[in-house]
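Protein chains in written order, with my numbering: chain A, 14 to 552; chain B, 2 to 111; chain C, 14 to 329; chain D, 97 to 324.
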């Protein structure tokens with residue numbers, strides 16, 4: 014396939030978007046590509062709801078006395094922000110949108126293994142989201158996204174049960190999505206597509222799916238116990254009746270820490286694709302990157318109690334978990350080094366997705382390194398539950414996961430819509446997001462180091478200047494997120510047709526038309542080469 | 002995967018063993034084995050579960066992948082239990098106190 | 014220099030300097046690797062920028078030695094950090110034997126402090142400089158967290174159990190005390206001050222407090238009021254074990270287990286009675302009838318009756 | 097079986113029957129892995145509290161009746177046998193045998209749930225043994241608790257875990273009975289005995305899994321504390 018588009022590309026006559034019309038053709042679709050769109054709409058909505066909550070919080074924190082919001086309102090806002098961003102935006106972002114759209118295409122299949130189950134997952138997700146929104150609108154919930162007991166079970170009188178129910182329900186959506194992906198990747202690969210010819214995006218989606226399958230049920234049962242305890246008050250987490258509040262934290266973080274890797278692993282997969290495509294190189298150390306995904310998936314389950322070093326947990330258990338937590342840093346470091354090395358002797362272009370990828374690698378590095386502080390027992394004692402933590406996980410989740418998601422959306426947008434977005438605007442917004450992000454969360458590292466606790470709606474005056482900087486950065490960041498919304502929407506209708514392979518990239522998804530036909534390929538592709546075989550081209 | 006049809010005899014045999022194990026585990030509950038009561042009960046339960054998995058659920062005749070899935074499930078359950086117990090079992094061990102010398106640098110005014 | 018721009022917290026306890034060294038080391042590593050990665054990214058992106066649209070770069074060559082290098086070097090670094098941080102942590106978690114004990118009860122949304130000598134404080138803690146202080150903490154409702162940035166200490170205050178932390182202040186002055194564990198609506202107002210004073214000033218402050226009875230004395234009074242004295246009398250006479258010499262002793266329980274009568278055991282024995290071998294299981298529960306403060310007073314009283322000198326209630 | 101017939105049985109995303117059968121079975125196994133961890137959270141809580149309050153758990157176990165636990169175990173093992181034979185019948189395309197085995201399995205499962213709710217749980221309720229609703233053991237139950245020197249709140253924790261664990265299990269049974277009833281109707285109409293037996297097979301896997309959970313619940317809840 015030529016890398017230079019000589020003739021002006023045009024959209025194919027029939028593709029998955031125009032094969033049928035009407036709301037029934039969307040709401041009852043079993044086409045994984047259309048389901049990806051359903052998720053895209055839902056999570057975009059949730060992203061801006063969560064973002065609005067964050068905006069209000071940052072506005073409130075401009076002044077130490079926090080005169081904009083009542084403390085109770087502020088508490089509801091950070092709870093809603095956390096729960097929405099984690100369960101209703103980030104968890105489904107890359108897996109349910111890009112994963113759904115791409116996994117079958119990348120492995121040369123007609124659809125996922127269980128298309129109806131896939132649609133069911135979306136409905137379960139929407140049900141969970143609606144129940145959660147009902148909890149929010151009907152008075153909110155103010156326990157923090159962690160639902161720590163006995164605060165959540167006994168001492169707050171907000172909508173804990175319905176919020177927990179929303180999380181419980183949406184958890185099954187994630188489980189079923191993960192199940193679908195695992196089976197699809199195992200059983201549906203095109204002829205010749207061996208495991209070590211798979212794109213690295215598939216490897217990391219596989220790893221993330223494994224975490225979905227093994228971690229989500231634990232949060233589900235924990236939410237059940239939480240609801241029962243709140244309803245019947247039998248004392249399972251209430252020390253007054255012999256319960257152990259730290260048990261809740263164990264169960265929560267057994268899910269909670271792997272959840273972080275659910276959020277970041279898919280984005281790591283995206284970055285592998287982007288770096289390869291825009292450096293026109295096979296990813297350096299393919300097998301190391303592939304196995305590091307699997308290693309992360311496994312080790313992520315062994316580190317959960319580093320969230321609990323000061324919780325009153327046994328300090329000896331702390332030693333074990335600290336050691337294991339350092340172990341999870343290694344595979345992440347391997348990924349970063351390999352991505353960077355991939356550019357060596359490459360042909361690097363500066364298209365918007367690559368800007369996101371470079372941003373991701375740098376910011377994820379910073380997020381990962383600050384993770385070392387938190388895995389270190391002694392250091393964690395001081396920075397635990399301060400803004401240091403807040404900054405750290407936003408570097409991972411926003412600097413990492415969201416950057417990866419946006420990079421992926423830009424990269425595959427021509428495939429999803431068949432049209433190109435305006436490149437200049439895209440680069441501009443990538444730059445704005447990078448600058449705004451660092452301004453927002455960089456100062457928070459210092460804030461945490463000097464001791465400002467998280468989840469404070471008012472704070473001592475000496476912390477003000479850093480908070481003002483952070484809020485100023487947040488306003489830049491907000492602009493950076495709104496610009497893509499506008500130009501992507503515009504381009505979906507008015508952008509110039511992209512042609513099957515606008516980037517000159519390798520991978521099965523670029524062999525089919527843009528947008529692809531309903532069954533992805535006119536005939537089942539047969540794979541004869543490894544992934545990212547750029548150098549062999551036209552050789 | 003080729004379908005494998007298990008002879009009826011094997012099913013009946015497994016069933017008989019399961020029933021025998023149930024009787025055994027109930028009998029053990031009435032016998033004083035000290036701390037081994039729980040161990041024996043759990044060992045019997047594991048045997049029964051293995052029989053069900055191997056024969057009723059056809060694990061014996063299945064491809065490797067399902068075994069890996071099963072191993073993962075059991076392994077992760079073990080992780081959850083074992084690592085939680087590292088905390089609970091050692092939570093009340095207190096660190097030994099250390100000596101204290103007032104190496105007092107004279108208090109500096111701030 | 015940068016007035017009003019906080020760049021580092023006060024270094025006001027014995028462990029703060031050691032903590033800061035490790036923190037600076039980690040910060041150095043983080044900056045080094047961040048700069049390394051960013052500059053490599055930028056360098057490679059510019060050096061190998063795409064010069065023509067149909068440029069085909071040479072194939073990627075795998076390089077095992079490089080892979081192993083950047084696997085093993087970070088691993089080694091992690092081991093170093095782990096060992097350093099862990100030994101520091103262990104050292105920091107061991108309260109000196111000579112610590113003065115002060116009791117803290119967290120409650121939505123205030124800190125209640127009681128000195129063994131009797132004085133009580135709310136959201137303030139007066140301590141003498143250069144003296145190790147051990148805090149024994151519990152909560153009356155939800156999980157709180159007693160954190161003092163200037164001392165680099167922090168520990169959750171959990172209902173239903175006692176957690177401890179210790180510090181020895183090295184500077185006099187006023188230092189922030191924060192609740193670091195989200196505890197409900199008033200979380201951000203659950204702040205207070207640690208007031209570190211020269212020993213003489215501290216003594217003066219202690220004496221200036223309205224003369225109150227010591228915790229042990231208050232405990233002794235409660236012991237009579239609540240009727241504990243009916244059963245917990247001298248050995249062999251009463252229906253319950255006597256308190257004399259009880260603290261720190263090994264007890265045999267009716268279910269055959271042996272426990273040490275420490276703070277945690279005494280607390281649960283009062284709130285959820287645990288039958289001790291040789292005594293009838295008739296003690297009623299005091300759950301809901303005593304506040305955490307009162308439980309602590311009874312414990313202080315029990316400690317004051319510990320016969321052996323090895324674990325005497327530490328006075329200054 | 098003709099070639100055309102085989103094609104109709106394969107959903108369009110699959111290439112052939114074999115791929116479809118493998119995917120379906122793997123999917124169910126993966127789902128069961130999820131289920132293991134779902135129950136795992138409860139087992140984790142059980143282990144922790146049993147370690148903390150062993151005598152209360154032993155006392156609590158004496159409040160349950162072994163005759164119920166043992167007969168459930170037997171019922172479930174029987175139903176697992178009939179389920180396995182049902183799958184076999186589907187494999188061998190014996191419609192009548194499949195229907196018979198399915199109905200026996202359904203009846204055993206339904207009997208389990210019925211006895212559990214109507215006799216065991218209702219009996220517990222009458223004895224004031226339901227935490228959160230009415231927990232005030234009296235008479236012989238109270239004597240047992242005192243004999244073990246157990247604190248009432250801790251016994252209540254045991255009873256709570258008992259109700260949640262067996263309750264979640266019973267919920268799975270109810271779902272399973274519903275699943276099998278659907279299969280029965282479809283089998284009546286002649287499905288599953290034409291080579292397309294995957295639904296029967298994976299429902300069987302689910303049913304056996306629920307049986308396994310009970311195999312562990314029985315000794316852990318009913319048989320601790322020594323009856324000697």
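Don't be surprised by glycine CBs; every beta carbon is placed ideally from N, CA and C.
The structure displayed is predicted, hence computed values, not measured ones.
- By the Cβ neighbour-count rule, residue 519 of chain A is buried, with 16 or more other Cβ atoms within 10 Å of its own.
- Any Cβ of chain D closer than 8 Å to the Cβ of residue 288 of chain C would place that residue at the interface, and such an atom is present.
- Take the alpha-carbon of residue 209 of chain A and the one of residue 24 of chain C: they are about 53 Å apart.
- Residues of the stretch 78-92 of chain B whose Cβ lies closer than 8 Å to any Cβ of chain A, in chain order: 80, 81, 84, 85, 87, 88, 89, 90, 91 and 92.
- The residue from C/126, C/218 and C/286 with its alpha-carbon nearest to that of residue 147 of chain C is C/126.
- Here residue 345 of chain A is not near residue 316 of chain A, since their CB atoms are 8 Å or more apart.
- Using a Cβ-Cβ cut-off of 7 Å, residue 160 of chain A is close to nothing in chain D; its nearest Cβ partner there is about 14 Å away.
- Within 10 angstroms of the beta-carbon of residue 78 of chain A lie fewer than 16 other beta-carbons, which makes it exposed.
- Residue 267 of chain D and residue 211 of chain A have their C-alpha atoms some 40 Å from each other.
- Each of A/513, A/62 and A/464 was checked against the Cα of residue 150 of chain A, and the nearest Cα belongs to A/62.
- Between residue 20 of chain C and residue 459 of chain A, the C-beta gap is smaller than 8 Å, which places the two residues in contact.
- If you check the CB distance, residue 120 of chain A and residue 203 of chain A come in under 8 Å.
- Taken atom to atom, the span from the alpha-carbon of residue 235 of chain A to that of residue 227 of chain C is near 44 Å.
- The C-beta of residue 235 of chain D comes no closer than 8 Å to any C-beta of chain B.
- Under the 8 Å criterion on CB atoms, residue 109 of chain D is classed as non-interfacial with respect to chain C.
- Along the length of the stretch 230-311 of chain A, whole alpha helix (DSSP H) runs at least 4 residues long occupy 258-292, reported in chain order.
- Taking 8 Å as the threshold, the shortest C-beta distance from residue 260 of chain D to chain A falls below it.
- Your pair residue 363 of chain A and residue 419 of chain A does not check out as a contact, with CB atoms roughly 16 Å apart and the cut at 8 Å.
- Straight-line measurement puts the Cα of residue 242 of chain A at about 31 Å from the Cα of residue 50 of chain B.
- Within chain C, no C-beta atom comes less than 8 Å from the C-beta of residue 227 of chain D; the nearest is roughly 16 Å away.
- Taking 8 Å as the cut-off, the beta carbon of residue 311 of chain C is found closer than this to the beta carbon of residue 236 of chain C.
- Shown here, residue 539 of chain A sits in coil according to DSSP, grouped into three states, outside any helix or strand.
- Within the same chain, Cβ atoms closer than 6 Å to the Cβ of residue 292 of chain D are found at 105, the five residues on either side in sequence being excluded.
- Within its own chain, the residues whose Cβ lies closer than 6 Å to the Cβ of residue 122 of chain A, once the five positions on either side in sequence are excluded, are 201, listed in chain order.
- For the stretch 231-257 of chain A, the beta-carbon criterion of a distance under 9 Å to any beta-carbon of chain B is satisfied by 231 and 257.
- The beta-carbon of residue 115 of chain D is placed less than 8 Å from the nearest beta-carbon of chain A.
- For residue 83 of chain C against residue 347 of chain A, the beta-carbon gap comes to about 7 Å, under 8 Å, which counts as contact.
- In the DSSP assignment, residue 32 of chain C falls within the alpha helix (DSSP H) that extends over 29-60.
- Annotation for residue 261 of chain D: the continuous alpha helix (DSSP H) segment containing it runs 248-284.
- Contacts between residue 326 of chain A and chain B, judged by CB atoms closer than 7 Å, involve 88 and 92 in chain order.
- Closer than 7 Å at the C-beta level to chain A, one finds these residues of the stretch 45-72 of chain B: 66.
- Judged by pairs of C-beta atoms under 8 Å, the stretch 184-200 of chain A touches the stretch 225-235 of chain A, as three or more such pairs exist.
- The beta-carbon of residue 218 of chain D is placed no less than 8 Å from the nearest beta-carbon of chain A.
- Annotation for residue 189 of chain C: the continuous beta strand (DSSP E) segment containing it runs 186-192.
- Bridge pairing for residue 150 of chain C: C/117 and C/176 [DSSP].
- For the stretch 175-233 of chain A, not one full-length beta strand (DSSP E) segment reaches 3 residues or more.
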